[in-house]
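Here is the structure we will look at, set down as structure tokens.
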Amino acid sequence: MRNSWWGILLLVVIGGLIVLLDAVLMPFIAGMILAYLADPLANRFQRWGMNRPLAVCSVFLVLLLMLVTSLLILIPLIVQQLKQLGDAIPSVFDWVENVLGPQVQEWTGYDLATELGNVQESLAENWQNAGGYLAQALGQIGRSGMAFVTWITYVALIPVVTFYLLLDWNRLLSSIANLIPRQFADDTFRLARRCDEVLSSFLRGQLLVMMCLGVIYAVGLTLMGLNFGLLIGVVSGLVSIVPFLGFIVGLVIAVIVALFQFGTWWGVAGVIAVFSIGQIAESVVLQPKLLGDKIGLHPVAVIFAVLAGGSLFGLTGVLLALPIAAVILVLLKEVKIRYQDSELYNDKHTTILEESSSHHIELGRHAPNREATSRPDHRESL
């Protein structure tokens, strides 16, 4: 009981420190998450014969190449498609009002044109408010230059913290393991391995699935000639952090664009084919190869954890949300197992009665038939 109170006090102290040091902790927590994600790649480089510093430098070289490729190829294309999307929005509203609206009203009796007018008014009003908020934010940044410099410094610290944490990752884990009391070591290591399985299956596995799905959707929609295909594919891949949500969002947006662009059901069929290929690839190849049979976080748990963490602790809470959710999931499973093994769940008296009744049934099955044994055998007497 005393150890439990000490544990609760430690959790309260950690929560208070997170609230007080919210902005300061951001680069360290982000660096810790990045180091955790990059540690398997560094270990693989070590298995190929590199020492730890060279392996870490190789990891950063791979990340730098990916960043440069994104900056030189993907980002300009995405910006260009965003600009084209902004120019096409008035035409989309006209098409919905003059073409799609009458068809929807004829089929369902719903006046889509009126609702579209309300949406346009709301967008115009919110856009004006957003412009005012942006001007206020820029003015605040200009007036508080020190805060802006501090924020830039925190962001610049993330790769530095990631490098040093990744360099000493195994040593840090060993040091933490040596601090655990020996009587709790076995349970702690077992639970830590389960937490690592949950986190790795979600963070590493789901991120790779997101990237692959984004590539499949973007390439497929671009090859069929759909406008904004790259942008829709990237958005669908990012939203796929929640399973099936990226598929639903991307499919709805792509179908609307296909109806507006092609005006035939063949374009819609092509969009459905692209997203069906992505789902088949995810079910047959990506999920078994990248996630295996590991149990990750439930989509509802992911949404709740991110929203709750952001509401309680801001950006630091968002970064900590998924690791804490994984730990809570593992602890809840452990509590469930111990509860089902406890006397509260398995009543001793009921268990003894069930065992005795089953024992009597087994004896009854194997007992000799008294009537058969007591009846004389007339053939032997004859």
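With our numbering, letter number 281 in the sequence shown gets 1026, and the count goes up by one each step, no holes.
For every residue, glycine included, the Cβ atom is placed at its ideal position computed from N, Cα and C.
Taking residue 826 as the centre and dropping the five residues before and after it, the same chain places the C-beta of 973, 975 and 976 closer than 7 Å to its C-beta, in chain order. About 26 Å separates the Cβ atoms of residue 944 and residue 798, ruling out a contact at the 8 Å cut-off. Counting along the chain, the unbroken alpha helix (DSSP H) around residue 921 starts and ends at 914-924.
When secondary structure is reduced to three states using DSSP, residue 1089 falls in the coil class, being assigned neither helix nor strand.
Between residue 780 and residue 910, the beta carbon gap of about 4 Å places them in contact (Cβ cut-off 8 Å). Spatial neighbours of residue 906 in its own chain (CB-CB distance under 7 Å, excluding positions within 5 residues in sequence) are listed in chain order as 772, 773 and 776.
Excluding sequence positions up to five before and after residue 1066, its CB lies within less than 6 Å of the CB of 1050, 1051 and 1054, all in the same chain and listed in chain order. Pairing residue 783 with residue 769 gives a Cβ-Cβ distance that is not under 7 Å. Following the DSSP letters along the chain, one finds residue 814 inside the alpha helix (DSSP H) bounded by residues 797-814.
Going by beta carbons, residue 959 and residue 978 fall inside the 7 Å limit.
Taking each of 951, 1030 and 968 in turn and checking the Cα distance to residue 983, the smallest one comes out for 951.
Residue 937 and residue 757 have their C-alpha atoms some 21 Å from each other. Take residue 1019, set aside five residues on each side of it, and the residues of its chain with a beta-carbon closer than 8 Å to its own are 961, 962, 965, 966, 969 and 999, in chain order. As the crow flies, the alpha-carbon of residue 794 is around 22 Å from that of residue 917. Linking residue 933 to residue 941 through their CA atoms gives a straight-line distance of about 12 Å.
Around residue 1090, the same chain offers 1084 as residues with beta carbons nearer than 6 Å, after the five sequence neighbours per side are excluded. Counting the other Cβ atoms within 10 Å of the Cβ of residue 914 gives 16 or more, which makes it buried. For secondary structure counted as the alpha helix (DSSP H) over 4 or more consecutive residues, the region 978-1029 holds these complete runs in sequence order: 990-1007 and 1010-1026. Residue 921 and residue 957 have their alpha carbons spaced roughly 35 Å apart. Exclusion of the five residues before and after residue 912 leaves 797, 798 and 801 as the residues of its chain whose Cβ lies within less than 7 Å of its Cβ. Counting every other CB atom within 10 Å of its CB across the protein chains shown gives residue 809 a total below 16, marking it as exposed. Note that the C-beta distance between residue 981 and residue 955 is not below 7 Å. Secondary structure of residue 793 (DSSP, three-state): coil.
Rounded to the nearest whole angstrom, the C-alpha separation of residue 1002 and residue 831 is 14 Å.
The C-beta distance from residue 987 to residue 1033 rounds to 20 Å, too long to meet the 8 Å contact threshold. Distance from the CA of residue 785 to the CA of residue 755, rounded to the nearest whole angstrom, comes to 31 Å. DSSP places residue 965 inside the alpha helix (DSSP H), whose first and last residues are 950-968. For residue 934, the enclosing alpha helix (DSSP H) stretches over residues 930-944.
Residues of the same chain with a CB within less than 7 Å of the CB of residue 1024, apart from the 5 flanking positions on each side, are 992 in chain order.
Counting other Cβ atoms within 10 Å of its Cβ, residue 1074 reaches 16 or more and is therefore classed as buried.
For residue 1046 and residue 1080, the gap between their C-alpha atoms comes out near 18 Å. By the CB criterion at 7 Å, residue 1077 and residue 953 fall outside the cutoff. DSSP places residue 973 in the coil class of the three-state scheme, outside both helix and strand. The C-beta distance from residue 971 to residue 900 rounds to 35 Å, too long to meet the 8 Å contact threshold. Secondary structure at residue 1035: helix, using DSSP grouped into helix, strand and coil. In the structure shown, residue 1064 adopts helical secondary structure according to DSSP, grouped into three states.
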